[in-house]
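Take a look at the structure below.
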Amino acid sequence: MIFREVEDRDLIAKARRGDVEAFNLLVSRWEKRVFNYLLRLLANREDALDVTQDVFLKAYQNLSKLDDAARFAGWLFRIAHNEAFSLLRRKRPESELPLELKPAETGRLLPLELSLAVESALKRLNEDQREAVLLKVYQGFKFDEIAQILDCPVSTVKSRVYTALELLKTVLAPSVMRGAGSE
Amino acid sequence: MSCEYDWKSYALGEMDRSARREAEAHANVCPACREELASTRLTLDALSTLREEEIPRRIAFVSDQIFEPRWYQRAFRSLWSPNFAAACVVAGAILFHAFRGTPGQAVVNAQIDAAVSKAVAVEDARYAEQFERLASQVNARSEVFTRTVNREVRQ
Chain A
-10 MIFREVEDRD LIAKARRGDV EAFNLLVSRW EKRVFNYLLR LLANREDALD VTQDVFLKAY
50 QNLSKLDDAA RFAGWLFRIA HNEAFSLLRR KRPESELPLE LKPAETGRLL PLELSLAVES
110 ALKRLNEDQR EAVLLKVYQG FKFDEIAQIL DCPVSTVKSR VYTALELLKT VLAPSVMRGA
170 GSE
Chain B
516 MSCEYDWKSY ALGEMDRSAR REAEAHANVC PACREELAST RLTLDALSTL REEEIPRRIA
576 FVSDQIFEPR WYQRAFRSLW SPNFAAACVV AGAILFHAFR GTPGQAVVNA QIDAAVSKAV
636 AVEDARYAEQ FERLASQVNA RSEVFTRTVN REVRQ
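Heads up: the sequence lines are chains A and B, in that order.
Taking the numbering used here, the leading residue of the first sequence gets -10, the next gets one more, and so forth.
Taking the numbering used here, the leading residue of the second sequence gets 516, the next gets one more, and so forth.
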């Protein structure tokens, strides 16, 4: 991870000097993570792909504004967050999802089904909670890093993650029990 | 739950080492906290089953106009390329020969004529020398013949 950060920093320095290939390498390293974050957040493949493209375009255009190359990941996800919520605000009426705490269906659960149950459960969270979980659980950021990405207090981040985990625990409990029981 | 341990923070890796040890020691003696921690971990384990999707198509930038370097950036960068160095060497050689001056066709012809004339003169001299040698030999033999005839006539 340390070596990866050093290499990223080197690539950022080269990209700042106009080396397009260095930036392309950065894109290839981060595009999958950014795409998956946006895919879960926006719940739409085409939107996620378009926004991922926009994120890297903005990142390249604003690379000179990145103060500390070691904080590239947080900075990149900050751009992704802004772009995603900009789109969500434009599409608000159709993207709002009801928060249903109805437990999943009964029956034996396979790993793929558990994965689908998780995907469905994540969609039941509101956007703020879902994003907090995505950044914490799937992207591995610390609470203070997430606070910087979302531009909000650490306490707000903790509250969103904790609330989301409680909701997910309730929604996923039957699936988790059946998944554990099937092993 | 009456205990004040933050098991979500523990399971999410946000606790420092000393706080983790303290929490673990407590969980060993508190069934309620053990259960709380286990259910949180189970939820996180379930979340980890969500498969990461491959990006449908690669995010392409090289072909985008906006990412192409400007003309002065390309020119500056090309200064350091081996191709540019090779081009410089070739251009230098061309300029060197241009300024040093190349002989015209008339000069070349004159040089050829001079060389031919010199070769012809050498050959002429060689033939003349050979002719003189043969002539002197003929004269010498002629004298000997004349003397011999005269002697025989007198006898």
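The beta carbon of each residue, even a glycine, is placed where N, CA and C say it ideally should be.
Predicted model, so just to flag it, every value in this text is computed and none were measured.
Nearest to residue i (by Cα), restricted to the options the options
{"i": "A/E(-4)", "options": "A/F45, A/Y26, A/T159 and A/A62", "result": "A/A62"}
{"i": "A/D36", "options": "A/K80, A/K3 and A/A4", "result": "A/K80"}
{"i": "A/A153", "options": "B/I627, B/V653, B/T555 and B/E569", "result": "B/T555"}
{"i": "B/A547", "options": "B/C518, B/A608, B/V668 and B/D560", "result": "B/C518"}
{"i": "A/D57", "options": "A/E116, A/V146, A/F130 and A/D(-1)", "result": "A/D(-1)"}
{"i": "A/S53", "options": "A/S144, A/V9 and A/A4", "result": "A/A4"}
{"i": "A/S174", "options": "A/S164, A/V146, A/R67 and A/C141", "result": "Here chain A covers residues -10 to 172 and nothing more, so residue 174 of chain A does not appear."}
{"i": "A/L103", "options": "B/R566, B/S524, B/E550 and B/Y525", "result": "B/R566"}
{"i": "B/A534", "options": "B/C545, B/V544 and B/Y520", "result": "B/Y520"}
{"i": "A/I1", "options": "A/L31, A/Q42 and A/W64", "result": "A/W64"}
{"i": "B/E568", "options": "A/F66, A/A162 and A/A32", "result": "A/A32"}
CB contact flag (residue i, residue j, <8 Å)
{"i": "A/V150", "j": "A/V107", "result": "no"}
{"i": "A/L38", "j": "A/F24", "result": "yes"}
{"i": "A/R113", "j": "A/V160", "result": "yes"}
{"i": "A/R29", "j": "A/L101", "result": "no"}
{"i": "A/F130", "j": "A/L139", "result": "no"}
{"i": "B/A542", "j": "B/L552", "result": "yes"}
{"i": "A/K158", "j": "B/T558", "result": "yes"}
{"i": "A/L27", "j": "A/V40", "result": "yes"}
{"i": "A/Q128", "j": "A/R34", "result": "no"}
{"i": "A/V146", "j": "A/A136", "result": "yes"}
{"i": "B/I574", "j": "A/Q42", "result": "yes"}
Chain A contact residues for residue i, given Cβ-Cβ distances below 9 Å
{"i": "B/S533", "result": "Here the premise fails: no neighbours, minimum Cβ distance about 18 Å."}
Whole-angstrom C-beta distance between residue j and residue i, which should lie under 8 Å
{"i": "A/A11", "j": "A/V44", "result": "Between A/V44 and A/A11 the Cβ distance is about 18 Å, and since that is not below 8 Å, they are no contact."}
{"i": "A/E174", "j": "B/I570", "result": "Residue 174 of chain A is absent from the structure shown; chain A starts at -10 and stops at 172."}
{"i": "A/F132", "j": "B/E529", "result": "6 Å"}
9 Å Cβ cut-off: residues of chain B touching residue i
{"i": "A/T242", "result": "Since the first residue shown for chain A is -10 and the last is 172, residue 242 of chain A is missing from the structure and cannot be characterised."}
{"i": "A/E20", "result": "I570, R573 and I574"}
Where residue i meets chain B, residues with beta-carbon distance less than 7 Å
{"i": "A/Y151", "result": "K523"}
{"i": "A/F132", "result": "E529"}
{"i": "A/N25", "result": "E567 and E568"}
Partner residues on chain A for residue i, Cβ-Cβ distance less than 8 Å
{"i": "B/P571", "result": "R34 and L38"}
Within chain B, the residues that residue i reaches when beta carbons sit closer than 8 Å
{"i": "A/E108", "result": "L565"}
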